[in-house]
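When you read off a place in the sequence shown, starting at 1, and then add 1, the result is the number in our numbering. Okay, so here's the structure we're looking at.
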Amino acid sequence: MQTFLPVSRRLPVVDIQGVEFYIDAARERLWQVKRPGNQIPFGVIQACKSGFRFLYHKKKCCYPLSKLNVLRHLSSYAWVNLPALMELDPVGLALRYGIPLEALIPAEGWQAPRKVFASLSPVTALKV
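Following this line, the structure appears as structure tokens:
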């Protein structure tokens, strides 16, 4: 697994229960600030009404490798809920898809937050 470190731009950070992850829409992943090898690819992220969400192991600080792991240990996992990527990393989206940044920002002078705090919700059931 490649490790990408933020060198060319300042990336937004999401705090998940005290564990910080960089959000990089250009590279389609989150990675832990203190452990860059711990990455969450956007492929495991699901769109939802308020933005996006993904399953997260609360102690290991990672996504599950299989649904079976989640089903066996439901209480160890939570849904991490975050705002839309357009709100968190519009610069990354613009870079990734070659879209003018002006098309992604809601108003002149608007800036994406530097840090957001994730909300967690329990995993009650999972479709296999």
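Every residue, glycine too, gets a C-beta built ideally from N, C-alpha and C.
At least 8 Å separates the beta-carbon of Arg97 from that of Val14. A straight line joining the alpha-carbon of Pro107 with that of Arg73 spans about 43 Å. Around the beta carbon of Ala126, fewer than 16 other beta carbons lie within 10 angstroms, which makes this residue exposed. Just measuring C-alpha positions, the residue of Lys50, Trp111, Ala48, Lys59 sitting nearest Glu21 is Lys59.
A direct Cα-Cα distance of roughly 8 Å separates Arg28 from Gly93.
In the three-state reduction of the DSSP assignment, Glu109 falls in the coil class, being assigned neither a helical nor a strand state.
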